[in-house]
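First to last, the protein sequences are chains A, B, C and D.
Under numbering that gives the first Met the number 0, the first sequence has 281 at position 282, and the numbering climbs by one with no breaks.
Under numbering that gives the first Met the number 0, the second sequence has 53 at position 54, and the numbering climbs by one with no breaks.
Under numbering that gives the first Met the number 0, the third sequence has 155 at position 156, and the numbering climbs by one with no breaks.
Under numbering that gives the first Met the number 0, the fourth sequence has 33 at position 34, and the numbering climbs by one with no breaks.
Backbone N, C-alpha and C define an ideal beta-carbon position, used for all residues, glycine too.
For reference, the structure is listed below as structure tokens.
4 protein chains.
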Amino acid sequence: MTRTTIGVIGTGRIGRMHTLNLVSSVPDAFVKTVASRSADEAWAAELGIPVCTKNTGELFGDPDIEAVVIALPSGLHAEAIRSAAAAGKHVFCEKPVGFSSAAIAPALDAVRAAGVQLQVGFNRRFDPGLCKLQAAVHSGEVGELHSLRVVNRDPRAPSPEFARGSGGMFLDFTIHDFDTLRFLSGSEIVEIYAAGAALVDPEIASAGDIDTAVISARLANGVLCVIDNSRQTGYGYDQRFEAFGSKGNLVVGNLRPTSVEASLATGVFTDAPCPSFVERYKEAFVAELRDFVRCVRAGSDVAVTGEDALAAVEAALAAKTSMVENRPVLLASTESAVPEGAVS
Amino acid sequence: MTRTTIGVIGTGRIGRMHTLNLVSSVPDAFVKTVASRSADEAWAAELGIPVCTKNTGELFGDPDIEAVVIALPSGLHAEAIRSAAAAGKHVFCEKPVGFSSAAIAPALDAVRAAGVQLQVGFNRRFDPGLCKLQAAVHSGEVGELHSLRVVNRDPRAPSPEFARGSGGMFLDFTIHDFDTLRFLSGSEIVEIYAAGAALVDPEIASAGDIDTAVISARLANGVLCVIDNSRQTGYGYDQRFEAFGSKGNLVVGNLRPTSVEASLATGVFTDAPCPSFVERYKEAFVAELRDFVRCVRAGSDVAVTGEDALAAVEAALAAKTSMVENRPVLLASTESAVPEGAVS
Amino acid sequence: MTRTTIGVIGTGRIGRMHTLNLVSSVPDAFVKTVASRSADEAWAAELGIPVCTKNTGELFGDPDIEAVVIALPSGLHAEAIRSAAAAGKHVFCEKPVGFSSAAIAPALDAVRAAGVQLQVGFNRRFDPGLCKLQAAVHSGEVGELHSLRVVNRDPRAPSPEFARGSGGMFLDFTIHDFDTLRFLSGSEIVEIYAAGAALVDPEIASAGDIDTAVISARLANGVLCVIDNSRQTGYGYDQRFEAFGSKGNLVVGNLRPTSVEASLATGVFTDAPCPSFVERYKEAFVAELRDFVRCVRAGSDVAVTGEDALAAVEAALAAKTSMVENRPVLLASTESAVPEGAVS
Amino acid sequence: MTRTTIGVIGTGRIGRMHTLNLVSSVPDAFVKTVASRSADEAWAAELGIPVCTKNTGELFGDPDIEAVVIALPSGLHAEAIRSAAAAGKHVFCEKPVGFSSAAIAPALDAVRAAGVQLQVGFNRRFDPGLCKLQAAVHSGEVGELHSLRVVNRDPRAPSPEFARGSGGMFLDFTIHDFDTLRFLSGSEIVEIYAAGAALVDPEIASAGDIDTAVISARLANGVLCVIDNSRQTGYGYDQRFEAFGSKGNLVVGNLRPTSVEASLATGVFTDAPCPSFVERYKEAFVAELRDFVRCVRAGSDVAVTGEDALAAVEAALAAKTSMVENRPVLLASTESAVPEGAVS
């Protein structure tokens, strides 16, 4: 069994998580190189990774490396994809791929030109609960789909500094929810109305961002959607999804570390939801990398493409416009798709 | 113990429910008269109600009768309130009180002029779960309130005929949700964006109405809200409420007839939610009448006033405008209340 | 509509509860008289009860009174039944009817001789959840029944004084569980093994009683059962029931005052179970009286008979013998019913 | 990083599971050899295991191998432990270690003589939920412990052939529950009363075994326990645990593959419990091997010892005697430990 040789670019929180997953849970993969500003050699050595460099060029130039995992600050993603594709590497890239269609287009062009694979890190598409929900929608168990709801709330607000470089909450955080609507429905977002505010932390407002939002969306197939976001719950990572149709309603509820229920004088307690995305989507993060390696090895199509990344970014940008101009915004690429005779 | 003598006007589904509740569960009340087009004497006799008439004038003219319960088709409510007040009767009236501010104003004027009480049938305000949620918001258990969510879905769509005379879904059905936002937050609705469609039944569209909606609302205190409506679930009466704030999230979940859980080869089953509002708000329907009678007897202020009715109607009308014109709509009475510096 | 005239004997906690239920929720009943040592006239007047006496003879001698509700200390039940039957009154009596078969037999004889009805207060037989469970067992939804489990735990231990006069925990408390096994299974208890201890309160042991027990029982149809008792939870009234069979497992879970779920930094909380039997079996307490009055009026058989009371008392006594002698005990009346070839 | 070299003996269902876990999830371990009657070379090669043999002697003779994992039919465990210890290998062995104290003693002697480690496969001790429950008991969150309950029900009954060689249900299956009582309480079982029957499959009775049981146990610290067993649920692997004490009640509930809840016209469905021990204790099976390898490498004491294995076997044998002789049985080793003055 030869393994697929991989390089990881970026070793922040999520880069390290992907690296650990590759090493411990993707038997078909071999991480030869990690490239990052920190170049933490001790950490790499502990994981049995031979090469640790600050020089991504070294990584791109290594003919052994067949594929790269990119987990840089979002603003650097598109350029890194372009370089990787130019070097003939398959690419797994974290979201968002970029902050505008203009920024993303050259990366997607480079991928197409090089004939490599590009998979985007919309990890929820590999979550067993969401997969079951998606299957229920597509098999007709839900009947004709009428509405979708996403509750996405982070445990703790990011720093204003992070917010500044993140592209804003819609691009950094809600982008998962836009992809989820597309994934669950198999349809496109045609119109968005977004209301947002900085209710958690006024510093977030000073950084030009928000931390709380309610977003309405209408899909090409007429389905009405709502997204409910907060950057800070205090009680863990709140992730709930709901698909309602003519035959019923399916909900994906929160996961909890254990099933312990304590009945005490003060009430009945259960565990809080998983503390962060790391625990909540543990299986999904492994599954997305396994599937990426499987596709690279088999030459088959990846499950989450650059086009998916682009569609989610466009939705995020439309949401931003909607919020700033306080009006519903039609998505450019789908303007003609607005259903005839729809009542707003 | 003298009981308070009451007359009931209208004996449709909800009129009969109120009558039965008065007879069997409000010991301080005595139903002397029911007035309705059907004048079902056998039913009245069975409940021990002495007078059954088609003539509401007879009821208004009876000096024994201190208070009336009005449960007519919504379009007749305001006029009935006016007549009752003119006759010096205290009034409990079902929602909506009317289809416009102009229609409601004379009724409220008559109530004020006569110095009688007017309580409106926003039954949820007497539900133990919603009361607990409201108390948690007001006591600070939720922290600073950031968002509210209401899921309100009826078990079975009304007939297109009913839809035609109902004032439309927002006035007939969502009106409870607008009142719930006000009740839970203690704040006013300042802006609404509504998207709706007839996804359950195309005949509803032909009747000029909708059966599915997602509504965003912003409150005077900056709280972001979302309402999720459907006229037909197929699985019962879906009633869920959520208050999210800086200290956590409180949810009122669905009630079920029993707590039986069955683990079978095909999965784990529990009872579906209560089949209709009658079972779901059983305690609340009794409690609102008990409280009305208590206030009438004590001369104290009722918990749900004509002004509450008016505010909910105005929100429903704003939602309708928003949907038709596909734009966010500021509520006239609160226009000046839009928070300074709010984003969208 | 003439109502059935009723006298209540005993106005302790449960006697007052039954009286209130009759007055407010059994429209077919009229409580004319309450007889008790306290003779609380103010309370009776408030409920509109004309006669309040210390003299039960006055009640038995009143020809208007058709039926009596007996809620005395348990040791006085059998004699009161005898007197009531002798006076030609139908009887609803709280459990236990007596502390031995010998004590109960004359009461049942008197009932038979007088041709009156006797219903015993095994309220659980009227609980919607337990009725659903029983129906599932009898309809075959559970398949062939293999085992039953009862968790019965009181919120707060009784005083040692109460324990002394109560007949002991098995007769006073577990007796409901023995009846529940018979009700759910439709079979008889043939053998019991009981282990008990005073773990909550050593004073209970001084009073010759226990407060904690685990009891195994075998039924005539081969079903294996377990009862889990405690006199004190600290977290409310813990009532859970489970029927396991070849097709699956059905559980009746605890009921809670509201469905509110709070997600806070310290965990996810729900309401504790109902605080006491009053709230937990609210519907059942009303339903058993309604059914009793219905049977009295219709002359039809009551749902819980003197024979049911006797069977539960015999089980309680067998459990006591088992615990004291530390051995499994066969029930006298069912000795011949032990299934052939059973392993222990 | 040098890894610990391991040999696996026995490649039935559970042997293969352990092997896969070692290869994919215990980075510190290297499986050099698998020894089994089947000697499935293709399977071994696929997992990257160099040596596949029918000859356990070859494995014991290999100086590279530091530790072995034994997953043979239960009757062969003790002898294999003895051989492994004699060869100086550390041992991880599946339960039960043997069918009698006499059979087990020589193995434990050999382990002691060789100075190697022996860890027994009571996997539940590594389950996050049970660990949380145990911690709550030991930290005093439950208060003074009064009772313990274990529900342990297998999804599908074993074949009568398997039953014949398994030592009987108590030794093969309930043995986990006896260990769980000891683990949760930190106390010893002093008395057992067991009632059992073959209700699932009469062929099990022909094989001299049972498939359904209710077992009472009393611990040295006075705690009352109950175990509820079935060999076949039809709805998955039912694993529930409950610790009740003076401060409250803690329950470990079933785990489910996803958190999806479907509200349909026929009721509200959730996933059935995990289908088998493989999925339910997935994390625990990995954790016990990781901990074993950690202890071997560090020379520290293992968490589940040969003495724990022996205690559980003695409880299982006492349960068998109790069932056959239909009487409570004191455990020999603890006879003197029966608390003074205990009521049965």
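Query                                                                                                               : Result
Interface positions of the region 303-334 of chain C facing chain D (Cβ-Cβ less than 8 Å), listed along the chain   : S321, M322, V323, E324, N325, R326, P327
8 Å contact criterion, which A:A84 and A:I69 should meet: CB distance rounded                                       : Not really, about 11 Å apart at Cβ, beyond 8 Å.
Simplified DSSP state of A:P127, which is helix, strand or coil                                                     : helix
For C:E278, the first and last residue of its enclosing alpha helix (DSSP H)                                        : 276-279
Beta-carbon neighbours of C:L263, restricted to chain A and to distances below 9 Å                                  : G233, Y234, A271
Spatially closest choice to A:R152 from A:D171, A:A102, A:F125, by CA coordinates                                   : A:D171
A:V393 burial status per 10 Å Cβ neighbour count (16 or more: buried)                                               : Only positions 0 to 343 of chain A appear in the structure, and residue 393 of chain A is not among them; the question remains open.
Alpha-carbon to alpha-carbon, A:V33 and A:E40                                                                       : 9 Å
Any chain A beta carbon closer than 8 Å to B:F243                                                                   : yes
For C:D227, the three-state DSSP class (helix, strand or coil)                                                      : strand
DSSP three-state assignment for D:A206, whether helix, strand or coil                                               : coil
Cβ neighbours of A:A347 in the same chain (closer than 6 Å, five flanking residues each side left out)              : The structure shown does not extend to residue 347 of chain A, since chain A is modelled only from 0 through 343, so no value can be given for it.
Assigned exposure category for D:S343 - 16 Cβ within 10 Å defines buried                                            : Residue placement at D:S343 is poorly supported in this model, since its pLDDT is 41, which falls under 50; the coordinates are not used for a value here.
C:R108 classed as buried or exposed, judged by whether at least 16 other C-beta atoms fall within 10 angstroms      : It is worth fixing the name first, because residue 108 of chain C is Asp in this sequence and not Arg. Counting Cβ neighbours within 10 Å, C:D108 comes out exposed, since fewer than 16 surround it.
Helix, strand or coil at D:G9 according to DSSP, with G and I counted as helix                                      : coil
The region 164-181 of chain B / the region 280-300 of chain B touching (three or more Cβ pairs under 8 Å)           : no
Cβ-Cβ distance between A:S146 and A:F243 below 8 Å                                                                  : yes
Helix, strand or coil at D:P338 according to DSSP, with G and I counted as helix                                    : The predicted model places D:P338 with a pLDDT of 44, which falls under 50 and marks its position as unreliable; any figure quoted below should be read in that light. Reduced to three states, the DSSP call for D:P338 is coil.
Under 9 Å (Cβ pairs) to chain D, residues found in the region 6-39 of chain B                                       : none
Same chain only: Cβ atoms within 7 Å of C:L198, ignoring 5 sequence neighbours per side                             : D210, T211
Short-range partners of chain A found in the region 131-163 of chain D, where Cβ spacing is below 8 Å               : K131, L132, A135, E140
Cβ separation of D:A411 and D:F177, assumed to be a contact under 8 Å, to the nearest whole Å                       : For residue 411 of chain D there is no data in the structure shown, the boundaries of chain D being 0 and 343.
Where B:E260 meets chain C, residues with beta-carbon distance less than 9 Å                                        : N248, L249, V250, V251, G252
Minimum Cβ-Cβ distance from D:T257 to chain A less than 8 Å                                                         : yes
Neighbourhood of B:L309 by C-beta, 6 Å cutoff - its chain only, sequence neighbours within 5 removed                : I103
Residue-level contact to chain C via CB, B:T4, 8 Å cutoff                                                           : no
Through-space distance from B:E241 to B:K131, alpha-carbon basis                                                    : 12 Å
Same chain, Cβ closer than 8 Å to A:T333, neighbours up to 5 away in sequence not counted                           : Because the pLDDT at A:T333 is just 48, under 50, the model does not fix this residue reliably, and the point stays unresolved.
Sequence ranges, beta strand (DSSP E) only - wholly within the region 105-176 of chain B, length at least 3         : 117-119, 144-152
7 Å CB neighbourhood of A:A206 in its chain, flanking five on each side removed                                     : P159, A162, R163
Contacting positions in the region 168-180 of chain C - beta carbon closer than 8 Å to chain D                      : none
Residues of the region 114-128 of chain B whose Cβ lies closer than 7 Å to any Cβ of chain C, in chain order        : P127, G128
Whole-number beta carbon distance between C:V7 and C:G14, since they are thought to touch under 8 Å                 : 6 Å
Near-chain D residues of the region 267-297 of chain B (beta-carbon distance less than 8 Å), N- to C-terminal order : V267, F268, T269, D270, A271, P272
A:A44 to D:Y192 span [Cα, whole Å]                                                                                  : 57 Å
The region 256-275 of chain A / the region 105-123 of chain A touching (three or more Cβ pairs under 8 Å)           : no
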